Every structure is written in structure tokens, then in C-alpha cells.
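Peer 1: One structure coming up, written as C-alpha cells, with questions to follow.
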Amino acid sequence: MAPLTLDELRKKRKEARKEIYLREGEYKSKIIVHMGTCGIAAGAREIVSAFLGEIENLTEKNVMLTASGCAGLCSMEPMATVELLNSPSVKYGNLTTDKAKRIFKEHIIGGNIVTEYAIGIGSEKGG
Amino acid sequence: MAVRRIELMLCTGTGCVAGGAFRIKETLEKEIQKQGLDKEVSVIITGCNGFCGQGPLMVVQPDNIFYGFLNEEDIPFLVQEHLLKGRPVKKLMFTPSEKKEPVPLLSEIPFFKKQMLVALRNKGIIDPEKIDDYIARDGYTALEKILSSMTPDDVIDEIIRSGLRGRGGGGFPTGTKWKICRTEQKTPKYIICNCDEGDPGAYMDRSVFESDPHTVIEGMIIGAYAIGVSHGYIYARTEYPLAIKRMQLALTQAREYGLLGENILGSGFNFDMEIREGSGAFVCGEETSLIHSIEGKGPEPRQRPPFPAQSGIWDCPTVINNVETWANVPVIINRGADWFSKIGTETSKGTKIFSLVGKINNTGLIEVPMGITLREVVYDIGGGIPDNKKFKAVQTGGPSGGCIPHSMIDVPIDYESLTKAGSMMGSGGMIVMDEDTCMVDVAKFFIQFTNDESCGKCTTCRDGSDALLEVLTNITNGNGKEEDLEFLEEAGNAIKDASMCGLGTTLPNPVLSTLKYFRDEYEAHIKERRCPALVCKNLIKYYILPEKCTGCKLCLKNCPPGAIKGELKHIHIIDQSKCTKCGTCLDVCPPKVSAIIKVSGKETENITGIEEPYPVKKKEK
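Listed in order, the protein sequences are those of chains A and B. At the far end of the first sequence sits residue 127, using my numbering, and the numbering has no gaps. At the far end of the second sequence sits residue 621, using my numbering, and the numbering has no gaps.
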């Protein structure tokens, strides 16, 4: 490999940053896919792949994709919760890969809740 | 690499590797494959995470969940539960000794909370074998900065203003050392990174090499530019194979990128360096010995001045800095001297890495701001002393340091305060001792070490350490004389005054500091033939209490020399003439029985008064 110039090093840094974004913990939004036995059986893993594919296309990787257990509404699986910074979380149910892609585009990127798929806004209150 | 949703930051520092980290990596990868998660999860190897007492360990990102004491059997469950189903596994999380509930997040674990990372800023976050990981974390931006906007004098000025002092033990102001070398007329000049870490129980330098080798390389390139150097050396001990391997790899990668070699980043500046492996003589940590070793001569120190910055390797001006000192340089250049000098105390700026070991709950490698107290380190970060034992002393600065007693636990950690307390900063070893530690025995241990490692050039160091060792051995064997204490003090001070290098001038510290703070223990050994901590074998005896012994034969079966007489349901007796005082009986006797006692001094007369086993009396109901 030929030695780098200053500009090439800077360009390399920009590329390299994309590789380590998971470790630095600065996110604007978070997607939680519910991966209980019910969720997995209903196809939650395809939903994860769909979201991951969308994140891959982002230039700035500021979306965190994580899994959690059963949300308690097993008949509506696969489900996902979307949290944007400083806004209430939104639960989506009966997801398909196409719905996931639309939610990503409109809600995560655009900031608008996809009301027709949403099944609840805000977290359940504890007693 | 395609994006992943989870990265497993698996520690592969030497400690975790010894604990099986690479086997765990294989198992993790196999299980991830099995669950079809290989497109979603990747395993990243990192250098030392620092919480070595919990190893093998890993951190799951982006959740920031810490798992310790991993073993291969737990991996399938972990992969299925956490990685697939998103349910973190409680039993592998860290639970502080006084609590019942585990602490899932790394950032909430007390061990990590009070730390401040400067030199170790990338530990556990980057793969030390990938230069791109370092570059992504602002690596080599400090180099960019100096090459495009700073003159060598600007760089030296910035380092002087930061207040950075040598982290290898001496604490000499780094920028001043650079300036002295820069103004010398003679050329060529050299720089050296001192990674000859030899203190028992200390592994700061090794961990920096293993977790972030490029920060040292970048620091050295900056130093070379400032001082006007085109060739550097890394002196590392050959007992650090993993550290050397990672540094070698890092050097190769830096050369490929044009960060080392000719015309660095098109700036016209040339610099390269090589690793020299030492064979692990403790005295090579001393700078003039180190220089002799690189030159291929015997590792013996020489008289200073001239200091190496004036006349060092091949009689040329040479700056030697410790690993940690170099690791701080890129951060100071990037964030500025003003930022750095706000951390720490009046005379000690920045942070310091310590290896916290000994009788402490949270063993590991820590980086803390200067000025933090020993109490905060021992109790908040270290989590206190195991088994509710009492804290007795902390030994800082390795074999050249001293023991600081409990009464001084609120001393702030900085160069001057530690020296005033009779110890020293040293390179950062910190050994915690509890009430079961005999301070005379500790002094003997360190003198044994320095006596072995003395190069023999100075009579006071060579023969003086012999004399100290002989007297300390007599005292711990129960043959001490009252005049011994005066001798230890006198000889200790003479060795300090008349030895040439740092090894000799500091080797009496463990003796002098324990004499100062724990004189009563020395006196008990000499006057009463008693070891208060019940450690010195010649001064202790084990007995079986007849009123407690149940005659279960457990100690009898386990006694290595077969020194226990008895039969089932009969009181057992230890034959003192055969007993080697290994303490196995005490360890195996069930806690609810606790029939074995350890005694010293007058109590060693046959306190049970029985000679032959007899049947255990049935308890009256």
C-alpha cells in the first residue's frame, strides 16, 4: 500500500468511524424488536434483518437496533418499539419486512409516526 | 464489513487469555453461527478491559452490558438468551460483594465509575490489532495537528505547560526533558520507550501495549518531531510476548500507512523505530542500564550526570520516557495543555494508571485522576477487602516503594504526598494488604527481590541488600536480636545514600517504611518470638481444640506430611515435630466445626495439654 497523505488519512478516518459506531453509544433513535419465543415464531428475525439492512444504507450510523423479550401482546407479534430522542416511544405490531422498511423511512428518518401500524404510544404505566 | 446490531467486546489481555479468552471466542463464534446470528453479531477482540479479577470477560455493545467469569459452558445459553432473545443473563453479570442484585451496565459498576481514562481511553473499545479502529477514535489526529500547524518548539511548549511528568517513577517533567535534549548540539538524537516493567504485581505498561499500541507510537512520533529525532527504540521485556506481538503488528501497519518512515504524511519529516527485547533484568528499567542493554553491553547503570537527555545511547542525546507517558502525549496535543493541567493536583497533573492487586475485592487495572485518595481507590473502586478483613496497608511503587498504613489512607495520590508518606508513585503498582499480612515478611519479600535483581556494581546495594535480607530472615525465623532494628535503619539509610542508581537508593524503602509504621510487629517478632499476623512459619503452631473436634478425619486425611494422629470419632492431635505449617488442616476443617487454631508467641506451648487421641464426648442435650 502506498503511504497516505493527510487528506487520505482523514478520509480513512471517516470510513473507519462507521465500523465502530456501536461502541461509542451516541444514538438519536432506538429500535427494539421483541424477540420472545412468540416474536421469533411470528417472524421477528426477518424484521431484525430488514431494519439492519436499512441501517446499512445510512451514512451516519446513529440508530441502535436491539432486542428484548416478549412485550406481552403475543397476538400482535412481530412487534417493535421505536424510540426517538426526547419523544415518547411507539409500539408497532403485526410487522412485515415491508412495514418495517416504511417505519424506518417515515418514523426513524422522517420523524413521523406511522399511525396505521402503531398500536400504542408511550410506555405502560407501572402500578 | 457490513453493519451488525451487536458487538461483543471480548477482552484478550494477558490475564483473560490465560483464563481461556480465545477458547471462549471460538465457542461464541460457533454458537452465533448455530443460531444464525453471524450477520447480526460479531466478536471483537480488545486489549485489557481492566477488571482483571472478573476475567475472562466481555462487554456487549451497544447495550453496554458487562459479563465476567465466562466459561465455555455458559456460552450457548448466553447467545440464545441475550443475543437472540434480548434477555441479558443475570448470573454472568457483576454483583458487588455487599449486594445481592447484579449491576448490568458497565458504566454503573463502581469499579469503572470513578475512573478517568486518558492514556487508556481506547481500552476495551478498539481492536488493538487494527489500525483503523485506532484511527476511527481520533487516532493520529494529534500527529496531523502538529505536522500541519505546530513547530517543534510549540509542541515542547505545550507539553511543558500541560505539567505532564514521567509516569515511570521519577516524575521528571516530560517537556523539560524534551527541551534539554532538543537544545543539545550533538546529533543524531534518539528517543526510547521504556516498557521494561518489572515490579511484582504491576502490569500497566503491558496493558497499554496490549490494548492500544498506536497511542504509544503516535506519542513517540510527536516526541521525535519535537526533539528532532529520526530513530527510536521500544525497549520491552521478552516475557511480554503478546504485548510485543501487538506492538510489532502496530508498527508494521503504521509503516504501511506512511505514519512511520520517510516523508510522514507528505510532511518531509522522517522517523522510524524498532523494538529491542530485554531479558527481564529489573535493573534495566533504570535508564542508563537500559541504554547499556540496547547497546549490547551488560545492564549496569552509570553515574549521572550527564543525563541521557544530554548523552545517552551511543553517547548521543536521548529521551527515555515510560509507556504511559508517551500514551498521554497525543491527548495533550489534541485537547490542549489547559485541559490536561486542570486534572489532578497543584504539582501532579493528569491521571495515573495503577494495577490494583493483593487483598482487594476488585483486582484490576485502573486509571484515576491524580489527587484521588487511597481510600477512594481501595474502597470505592477496589470494593474493599475480601471476607470483611481489616485493611492494614497499601504498598505503592513496587519494590522501591513503601507501605502506607491505615492511618494515612486519606492521603491524596500524587508524587509529593506519596514520597512524604515514605513511599513513592513508582510506575503504578498498588498492593493492598489485610490484617493477615505480616509486615516483616513483606519487607523480607521485597528485599529478597531487590537482592536478586541488584546488578552488583555498588557495594552498598549488593552487600547491603544481603545484610538486610539476613537480618530480616533471622527476625522472621525467631532469631532476631534487639539491636537488629537499629541496624536495619542504619544500613537502610547507608544503602540509600551510597548507591548509584534508583534500584539501590530505593531498595531499603519497604524496610524503612514498615519499621516506621509497624515497629510493634518487628518488636513482637524479636522480643516475644511472636508473629502477630500469624504468618512466619517458625513462630506459629497449629492446634486442634479438643472441645470442638468432632473426629471426622478430614484434616487427618488431607494433612500432606501425615502429622495428624487420631481415628474416627476420636479427638485428633497434631504431631508438632512433623507439622510443616502448611495450613491445610485449617482450610479443610468445616467452618461450623472450626476446631483448628493457629497461634504464635507464648501460646505455642501445648495449649491443649493432650498427647493421645481419645473418644469424642457426646454432647449433652
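Just so it is clear, CB atoms sit at the ideal spot from N, CA and C, and this is done for glycine as well. Quick caveat, the model's predicted, so the values are computed rather than measured.
Give a yes or no on contact between the segment 256–267 of chain B and the segment 415–426 of chain B, applying the rule of three or more CB pairs nearer than 8 Å.
Peer 2: No, they do not touch.
Peer 1: How is the alpha helix (DSSP H) around aspartate 414(B) delimited, first residue to last?
Peer 2: Within the second sequence, numbered from 1, the residue matching residue 414(B) stands at position 414. From DSSP, aspartate 414(B) is part of no alpha helix (DSSP H); its letter is neither H nor E.
Peer 1: Run the CB neighbour count on serine 577(B), radius 10 Å, all protein chains shown included, and call it buried at 16 or more, exposed below.
Peer 2: Along the second sequence, read from residue 1 onward, the residue named residue 577(B) stands at position 577. Exposed.
Peer 1: Using 10 angstroms around the beta-carbon of glutamate 101(B), count the other beta-carbons present and answer buried if the total reaches 16, otherwise exposed.
Peer 2: Position 101 of the second sequence, counted from the first residue, corresponds to residue 101(B). Glutamate 101(B) comes out exposed.
Peer 1: Count the CB pairs spanning the segment 454–470 of chain B and the segment 503–511 of chain B that are closer than 8 Å, and state whether there are at least three.
Peer 2: Verdict: yes, contact present.
Peer 1: Going straight from the alpha carbon of valine 432(B) to that of isoleucine 360(B), what length do you get?
Peer 2: Taking the second sequence and counting its residues from 1, one reaches residue 432(B) at position 432. Taking the second sequence and counting its residues from 1, one reaches residue 360(B) at position 360. Going from the Cα of valine 432(B) to the Cα of isoleucine 360(B) covers about 6 Å.
Peer 1: At the level of alpha carbons, what is the spacing between valine 329(B) and methionine 439(B)?
Peer 2: By 1-based counting over the second sequence, the position of residue 329(B) is 329. By 1-based counting over the second sequence, the position of residue 439(B) is 439. About 38 Å.
Peer 1: Which residue marks the beginning of the beta strand (DSSP E) containing tyrosine 190(B), and which one marks its end?
Peer 2: As a first step, residue 190(B) must be located in the second sequence, where it is residue number 190. Segment 190–195, the beta strand (DSSP E) holding tyrosine 190(B).
Peer 1: So if DSSP puts arginine 165(B) in a beta bridge, which residue, or which two residues, is it bridged to?
Peer 2: On the second sequence, residue 165(B) is found 165 positions in, with the first residue counted as 1. Looking at the DSSP assignment, arginine 165(B) forms a beta bridge with Pro173(B).
Peer 1: Would lysine 12(A) pass as an interface residue toward chain B - the criterion being a Cβ-Cβ separation below 8 Å?
Peer 2: Taking the first residue of the first sequence as position 1, residue 12(A) is located at position 12. It does: the Cβ of lysine 12(A) has a partner Cβ on chain B nearer than 8 Å.
Peer 1: What first and last residue would you give for the beta strand (DSSP E) that runs through methionine 9(B)?
Peer 2: One-based indexing of the second sequence puts residue 9(B) at position 9. It spans 6–11 - the beta strand (DSSP E) in which methionine 9(B) sits, taken as one unbroken run.
Peer 1: Given a limit of 9 Å on CB to CB distance, which residues of the segment 73–105 of chain A reach chain B?
Peer 2: Those residues of the segment 73–105 of chain A that come within reach of chain B (Cβ to Cβ, closer than 9 Å) do not exist; the list is empty.
Peer 1: Would you identify the three-state DSSP class for glycine 36(B), choosing helix, strand or coil?
Peer 2: In the second sequence, the residue the question calls residue 36(B) occupies position 36. Glycine 36(B) falls in the coil class under three-state DSSP.
Peer 1: Quick one: give me the first and last residue of the beta strand (DSSP E) that glutamine 185(B) is part of.
Peer 2: Mapped onto the second sequence, residue 185(B) falls at position 185. Careful: glutamine 185(B) lies outside any beta strand (DSSP E) and carries neither H nor E.
Peer 1: Taking Cβ positions only, does aspartate 46(A) come closer than 8 Å to chain B?
Peer 2: Numbered from its first residue, the first sequence carries residue 46(A) at position 46. Here the sequence assigns glutamate to residue 46(A), which means aspartate is not the residue at that position. It does not; no Cβ of chain B falls within 8 Å.
Peer 1: Is tyrosine 67(B) helix, strand or coil when you go by DSSP?
Peer 2: Position 67 of the second sequence, counted from the first residue, corresponds to residue 67(B). Of the three classes helix, strand and coil, the one that applies to tyrosine 67(B) here is strand, per DSSP.
Peer 1: Using a C-beta to C-beta distance shorter than 7 Å, which residues of chain B count as neighbours of glutamate 56(A)?
Peer 2: In the first sequence, residue 56(A) corresponds to position 56, counting from 1. Within chain B, the residues near glutamate 56(A) are Ala2 and Val3.
Peer 1: Of all the beta strand (DSSP E) runs that stay within the bounds of the segment 91–132 of chain B, which reach a length of 3 or more residues?
Peer 2: Runs of the beta strand (DSSP E) inside the segment 91–132 of chain B: none found.
Peer 1: Within the chosen definition, does the segment 36–56 of chain A reach the segment 174–186 of chain B through at least 3 CB pairs nearer than 8 Å?
Peer 2: The answer is no - the segment 174–186 of chain B does not touch the segment 36–56 of chain A, with fewer than three Cβ pairs under 8 Å.
Peer 1: Would you mind working out which of His82(B), Gly50(B), Glu184(B) and Gly266(B) sits nearest asparagine 122(B), comparing C-alpha positions?
Peer 2: As a first step, residue 122(B) is located in the second sequence; it is residue number 122 there, counting from the start. Per the Cα distances, Gly50(B).
Peer 1: Expressed to the nearest angstrom, what Euclidean distance is found between the alpha-carbon atoms of arginine 375(B) and threonine 187(B)?
Peer 2: As a first step, residue 375(B) must be located in the second sequence, where it is residue number 375. As a first step, residue 187(B) must be located in the second sequence, where it is residue number 187. Their backbone Cα atoms lie some 48 Å apart in a straight line.
Peer 1: Is it true that the CB of valine 323(B) sits closer than 8 Å to the CB of alanine 309(B)?
Peer 2: Your numbering for residue 309(B) matches position 309 in the second sequence. Your numbering for residue 323(B) matches position 323 in the second sequence. No, Cβ-Cβ distance for alanine 309(B) and valine 323(B) is not below 8 Å.
Peer 1: So for isoleucine 31(A), helix, strand or coil by DSSP?
Peer 2: What you label residue 31(A) is simply residue 31 of the first sequence in a count that begins at 1. It is a strand residue.
Peer 1: Does DSSP put alanine 67(A) in a helix, in a strand, or in coil?
Peer 2: Working through the first sequence from its first residue, we reach residue 67(A) at position 67. Alanine 67(A): strand per DSSP, three-state reduction.
Peer 1: For isoleucine 381(B) and leucine 365(B), which I take to be in contact (beta-carbon distance under 8 Å), what is that distance rounded to the nearest angstrom?
Peer 2: The residue you call residue 381(B) lines up with position 381 of the second sequence. The residue you call residue 365(B) lines up with position 365 of the second sequence. With 8 Å as the limit, isoleucine 381(B) and leucine 365(B) do not qualify as a contact, their Cβ atoms being about 11 Å apart.
Peer 1: Whole angstroms is fine: what's the gap from threonine 14(B)'s alpha carbon to isoleucine 44(B)'s?
Peer 2: Within the second sequence, the letter at position 14 stands for residue 14(B). Within the second sequence, the letter at position 44 stands for residue 44(B). Roughly 16 Å separates the two Cα atoms.
Peer 1: Leaving out five residues on either side along the sequence, give the residues of the same chain with a beta carbon under 6 Å from the beta carbon of asparagine 62(A).
Peer 2: Within the first sequence, the letter at position 62 stands for residue 62(A). Cβ within range, chain order: Tyr27 and Lys28.
Peer 1: Quick one, are the C-beta atoms of isoleucine 32(A) and threonine 5(A) less than 8 Å apart?
Peer 2: Along the first sequence, one-based indexing puts residue 32(A) at 32. Along the first sequence, one-based indexing puts residue 5(A) at 5. In this structure, threonine 5(A) does not lie closer than 8 Å to isoleucine 32(A) by Cβ.
Peer 1: Any Cβ of chain A within less than 8 Å of the Cβ of lysine 621(B)?
Peer 2: Start at 1 with the first residue of the second sequence, and residue 621(B) comes out as number 621. Note that lysine 621(B) scores a pLDDT of 47, beneath 50, so its modelled location is shaky; the value from the coordinates is reported in the next line. With 8 Å as the cut-off, lysine 621(B) does not count as an interface residue toward chain A.
Peer 1: Could you confirm whether any beta carbon from chain A is found closer than 8 Å to the beta carbon of tyrosine 225(B)?
Peer 2: Here residue 225(B) corresponds to residue number 225 of the second sequence, with the count starting at 1. False, the Cβ-Cβ gap to chain A never drops below 8 Å.
Peer 1: Buried or exposed: which applies to threonine 238(B), given that a residue is buried once 16 or more other Cβ atoms fall within 10 Å of its Cβ?
Peer 2: Here residue 238(B) refers to the residue found at position 238 of the second sequence. Exposed, because fewer than 16 other Cβ atoms sit within 10 Å of the Cβ of threonine 238(B).
Peer 1: What did DSSP end up calling histidine 570(B) once you bin it into helix, strand or coil?
Peer 2: Stepping through the second sequence from its first residue, residue 570(B) is reached at position 570. Reduced to three states, the DSSP call for histidine 570(B) is strand.
Peer 1: Which first and last residues belong to the alpha helix (DSSP H) in which histidine 231(B) is found?
Peer 2: Position 231 of the second sequence, counted from the start, is the residue given in the question as residue 231(B). Per DSSP, histidine 231(B) belongs to no alpha helix (DSSP H); it is in the beta strand (DSSP E), 231–237.
Peer 1: Check each candidate in Phe69(B), Glu286(B) and Phe112(B) and name the one with the smallest Cα separation from arginine 304(B).
Peer 2: Here residue 304(B) refers to the residue found at position 304 of the second sequence. Here the closest residue by C-alpha is Glu286(B).
Peer 1: Less than 7 Å between C-beta atoms, sequence neighbours within five positions excluded: which residues of the same chain meet that for isoleucine 20(A)?
Peer 2: Taking the first residue of the first sequence as 1, we reach residue 20(A) at position 20. No residues qualify anywhere along the chain.
Peer 1: By Cβ distance, which residues of its chain are closer than 8 Å to asparagine 270(B), with the 5 residues on each side in sequence left out?
Peer 2: For the purposes of this step, residue 270(B) is taken as the residue at position 270 of the second sequence. Same-chain partners within the cutoff: Ser230, Gly261, Glu262, Asn263 and Ile264.
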